[in-house]
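**Q**
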């Protein structure tokens with residue numbers, strides 16, 4: 079795909095930090111009239127929980143990134159993955175393939191509500207991942223700075239009556255799972271630190287006009303999960319196409335909201 083895009087005439091510049099090595103002002107000086115931010119969500123969402131600083135606690139995206147970059151990753155014998163999405167499933171299967179003898183996954187949702195693809199969930203269970211549905215993390219315990227167990231609390235509901243994410247727990251129903259390693263895979267955040275201060279953000283995402291995907295800066299657009307939050311690849315690609323149409327209109331001085 080990269081070669082296909084290159085053959086169309088797109089120039090790739092790698093190893094550049096936007097905001098440091100190259101700014102929007104630099105691009106404007108070079109004659110670029112439109113900019114699209116499609117930076118994705120590359121940061122693991124952190125959970126403020128007792129014991130998250132212990133040796134053996136890692137974060138899902140960081141873990142998978144290190145594995146994919148072929149960095150040295152040490153997986154311990156017993157692993158608990160927290161999360162019910164595809165990143166959590168990937169982390170669980172990766173831990174197994176790296177030599178973990180026992181992998182358990184705990185998530186707030188019941189199995190039918192888990193956001194992970196059902197085929198991925200089936201693969202995980204077929205390969206030996208033990209699913210603890212309707213359980214959330216309460217605290218991580220350790221000894222001499224190392225993880226020894228995680229306490230889970232029963233989740234009675236994930237969403238409130240308005241359909242918003244607002245989990246409820248039965249604090250009297252708690253269980254402990256002995257483990258040497260905890261991988262938190264509870265979501266992703268976008269790194270917005272590269273953005274100019276003039277670009278407005280909201281709830282960890284770039285704020286855009288929903289019809290045109292233009293940001294608060296004229297000629298600057300955004301697309302993908304940095305705008306929508308978690309979504310499928312197809313949905314992210316669709317926003318890219320929508321932004322491309324708006325950029326085309328912008329460069330031709332046409333109404334951004336016109337169709338075609």
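Residue numbers (the numbering used here): 79 to 338. Built from N, CA and C at the ideal position, the CB exists for glycine as well. In this text the structure is predicted, and so the values were computed from the model without any measurement.
(1) Check whether the Cβ atoms of residue 270 and residue 279 lie closer than 9 Å to each other.
(2) Can you tell me which of 152, 89, 108 and 183 puts its alpha carbon nearest to the alpha carbon of residue 264?
(3) Give a yes or no on whether the C-beta atoms belonging to residue 285 and residue 116 are separated by under 9 Å.
(4) Is residue 214 closer than 9 Å to residue 185 when the C-beta atoms are compared?
(5) Residue 140 and residue 122: beta carbons closer than 9 Å?
(6) Terminal residues of the continuous beta strand (DSSP E) containing residue 247?
(7) Does the beta-carbon distance from residue 261 to residue 166 come in below 9 Å?
(8) Is residue 295 closer than 9 Å to residue 102 when the C-beta atoms are compared?
(9) Leaving out five residues on either side along the sequence, give the residues of the same chain with a beta carbon under 7 Å from the beta carbon of residue 203.
(10) Report yes or no: do the stretch 147-155 and the stretch 250-260 share at least 3 C-beta pairs separated by less than 8 Å?
(11) Going by C-alpha to C-alpha distance, which of 330, 231, 87 and 164 sits closest to residue 310?
(12) What do you reckon, is the C-beta of residue 333 under 8 Å from a heavy atom of the ligand MN?
(13) Could you check how far apart the C-beta atoms of residue 302 and residue 317 are, in whole angstroms? I think they sit under 8 Å.
(14) Please report the distance separating the alpha-carbon of residue 248 from that of residue 110.
(15) Is the beta carbon of residue 138 sitting closer than 9 Å to the one on residue 220?
(16) Using a Cβ-Cβ cutoff of less than 7 Å, which residues in the same chain neighbour residue 198 once the five nearest sequence positions on both sides are dropped?
(17) Using the beta-carbon count (16 or more within 10 Å), is residue 227 buried or exposed?
(18) Using three-state DSSP, classify residue 214 as helix, strand or coil.
(19) With 16 other CB atoms within 10 Å as the buried threshold, where does residue 299 fall?
**A** On the basis of the coordinates in this document:
(1) yes
(2) 183
(3) no
(4) With respect to residue 214, residue 185 sits close: the two C-beta atoms are nearer than 9 Å.
(5) yes
(6) Note, residue 247: beta strand (DSSP E), 243-256.
(7) yes
(8) yes
(9) Within the same chain, residue 203 has close Cβ partners 209.
(10) Because the criterion of three Cβ pairs below 8 Å is met, the stretch 147-155 and the stretch 250-260 touch.
(11) For residue 310, the nearest C-alpha among the options comes from 164.
(12) Because no ligand of any kind appears in the structure shown, any question about the ligand MN cannot be addressed here.
(13) 6 Å
(14) 56 Å
(15) no
(16) Within the same chain, and ignoring the five residues on either side of residue 198 in sequence, the residues whose Cβ sits closer than 7 Å to its Cβ are 164 and 167.
(17) buried
(18) strand
(19) buried
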